[in-house]
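Here the structure comes first, spelled out in structure tokens, and everything after it is commentary.
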Amino acid sequence: MKSRIQLDHKIVVCIVYVIAMFMVSMDGTIVNVILPTISNEFNLNPSSTSGINVGYLVSLAVFLPVAGWLGDRFGTKKIFLIALGVFTAASLLCGFANNLQTLNLFRILQGAGGGILTPVGMAILFRTFSPEERPKVSRSLVLPIALAPAIGPIVGGFFAEQLSWRWAFYINVPFGVMVLLIGVFLLKEHKEPTAGRLDLPGFLLSAAGFSMLMYAMNIGPSKGWDSLVIMYTGIIGAVLFLLFILLELRVEKPMLDLRLLSDRLFRTLGIISLFSMAGLLGMLFVFPLMYQSSLHASALESGLTTFPEAIGLMVASRMMPLTTKKLGIHQVIRMGLLSTIIIYTLISLLGPTANPWFLRALLFSVGVCLGHTVVAVQFSTFTNINSASMGMAATLFNVQNRIGSAMGVAILASILGAVGTVTMGTNGNHVNLSSYQFALLGSAVLLAIALFFAMCLREDDFKAIIPKQDMANSLDVKPVKSG
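The numbering of the sequence shown is this note's numbering, which starts it at 15 and goes up by one.
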């Protein structure tokens, strides 16, 4: 009976985690598609709607670093459900907004919920499953990582063209309410007695520094890196973030335990994840723009073209048990990155005018190859992290991924701006495909940096995940008979 209850709780945790993270992940790409529709309805300049995303990202940056401490101090179930409730309520309010000011305000509130929700949800998941069990739940992990960002533009384009942009926010409400009800009755509470008091100086430094850095990275490409506002914001943010790091390494009870980076596996996989997310999100940013600009396709059409990447990621999650057993986790991570770099380069050389089905096949292959890397990294990053440190580790991992995502988009957007997306000709302006192709090559370079760190991994690093009989087989060790 006890094992049955434990099994049921693990299923509950998977359901709650997948749905909640799916909502947050999809929100990041679904809103981009509806911004032109919002600007038309409110009779605004399209550039003025950038605050809808910037406010969300800055708010997320303020609350993300403190999420681990909040969960440890007050209970992961309580904080997770509060954050989910805030995110769901804010989504409903965003749909009701009748002007840009109120929409920006509710997006800030939504960002606060999303910033806390992700690391606390991850801490719940990895506390529930042991290192040996985590590869088995990789199929659950891939849904919010892979499917949500890819399906966002499709859903957003459909709502913008067929219904209303407001449904891009309303869609979160029924799922949020469902997860809230499941969580209230079935999730278990967990507190860390050693959490201590809030590191207030650390919180203030991280809130100011991280939010200013996120603002600079997201607005810099469009406003220009030589803008005084961007320069001062970025420099001050970097200085404050550096002071935050120095402070957290000195205090006894840090808000964000950077000492966890002393573990070589956690540190290396975190860096690989940072640059992998930069390369993946960068590609998902550049390719739809290239496809729409060159072929004058709609956002919905470009979303449908990109969608095979998500299918490939889901296929990769199904293949993971076999490939990791045959090749080893370290080789799966390396081969996934190397294969994706080759495919990115091929997509860049071919451009959007290649056969559409061949492009879709390449994007599907990206999902399969990079999916192996992303999922393998996520379930093995916390191998050496104990339960007491899981909240802090999940927060640190998500901070790195958020920086990586913003960095990837910022770098590739800067390449587009530097090369120029439009060329002047005697017959009018033309799309400059070379700028998009250079940007895609930049995305491949980001993955190459991840591959460099992946070469430092060893098979022994993952022995806590691999079942003993599989480890014995991989090392060609025969069991010794006793007596």
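Using N, Cα and C, we set each Cβ at its ideal position, and we do this for glycine too.
Does the separation of the CB atoms of residue i and residue j fall below 8 Å?
i: residue 399; j: residue 407; result: yes
i: residue 452; j: residue 425; result: no
i: residue 182; j: residue 173; result: yes
i: residue 383; j: residue 431; result: no
i: residue 295; j: residue 168; result: no
i: residue 216; j: residue 268; result: yes
i: residue 262; j: residue 254; result: no
i: residue 292; j: residue 422; result: yes
i: residue 40; j: residue 166; result: yes
i: residue 357; j: residue 391; result: no
i: residue 420; j: residue 297; result: no
i: residue 135; j: residue 73; result: no
i: residue 98; j: residue 66; result: no
i: residue 229; j: residue 106; result: no
i: residue 506; j: residue 91; result: Here the chain covers residues 15 to 497 and nothing more, so residue 506 does not appear.
i: residue 447; j: residue 365; result: yes
i: residue 413; j: residue 233; result: no
i: residue 475; j: residue 279; result: yes
i: residue 202; j: residue 23; result: yes
i: residue 405; j: residue 82; result: yes
i: residue 403; j: residue 274; result: yes
i: residue 290; j: residue 306; result: no
i: residue 149; j: residue 338; result: yes
i: residue 235; j: residue 427; result: yes
i: residue 104; j: residue 120; result: yes
Measuring alpha carbon to alpha carbon, tell me which residue in the options is nearest residue i.
i: residue 122; options: 383, 108 and 131; result: 108
i: residue 137; options: 182, 86 and 163; result: 86
i: residue 112; options: 52, 362 and 268; result: 52
i: residue 334; options: 135, 358, 139 and 389; result: 389
i: residue 469; options: 456, 387 and 118; result: 387
i: residue 260; options: 220, 148, 291 and 309; result: 220
i: residue 304; options: 38, 264, 368 and 258; result: 368
i: residue 464; options: 353, 148 and 203; result: 353
i: residue 195; options: 33, 466 and 446; result: 33
i: residue 499; options: 415, 131, 302 and 447; result: Lying before the first or after the last residue shown, residue 499 is absent from the chain, which here runs from 15 to 497.
i: residue 27; options: 102, 140 and 316; result: 140
i: residue 42; options: 475, 342 and 299; result: 299
i: residue 115; options: 362, 56 and 405; result: 56
i: residue 472; options: 282, 178 and 403; result: 282
i: residue 466; options: 370, 345 and 362; result: 345
i: residue 102; options: 145, 360 and 127; result: 127
i: residue 359; options: 148, 450 and 129; result: 450
i: residue 504; options: 143, 302 and 433; result: Because the chain here runs from 15 to 497, residue 504 falls outside it and cannot be looked at.
i: residue 179; options: 245, 110 and 129; result: 110
i: residue 96; options: 193, 409 and 29; result: 193
i: residue 374; options: 243, 25, 147 and 164; result: 164
i: residue 277; options: 361, 35 and 410; result: 410
i: residue 4; options: 362, 177, 142 and 265; result: Because residue 4 is not part of the residues shown, which for the chain are 15 to 497, the question remains open.
Quick one: any contact between the region 236-243 and the region 179-189, if contact means 3 or more CB pairs under 8 Å?
no
Every unbroken alpha helix (DSSP H) within the region 444-481, with a cutoff of 4 residues, ordered by chain
447-468
Can you list the alpha helix (DSSP H) stretches of 4 or more residues lying completely in the region 95-146, in chain order?
114-142
Three CB pairs or more closer than 8 Å across the region 213-225 and the region 78-87:
yes
Report the residue ranges of all alpha helix (DSSP H) runs contained in full by the region 289-328; include only those spanning at least 4 residues, in chain order.
313-320
I'd like to know if the region 203-214 and the region 42-62 are in contact, where contact means that at least 3 CB-CB pairs between them fall below 8 Å.
no
Take every Cβ of the region 459-472, pair it with every Cβ of the region 326-338, and state whether three or more of those distances are shorter than 8 Å.
no
Could you tell me whether the region 272-288 touches the region 385-396, where touching means 3 or more Cβ pairs closer than 8 Å?
yes
Is it the case that the region 379-387 contacts the region 309-326, given that we only count it when at least three CB pairs across the two stretches are under 8 Å?
yes
Segments of 3+ residues assigned as beta strand (DSSP E) that fall wholly inside the region 403-440
436-439
Go through the region 207-288 residue by residue and report every complete run of the alpha helix (DSSP H) that reaches 4 residues or more, in order.
214-237 and 242-262
Taking the runs of the alpha helix (DSSP H) that are 4 residues or longer, which of them lie wholly in the region 19-77?
64-77
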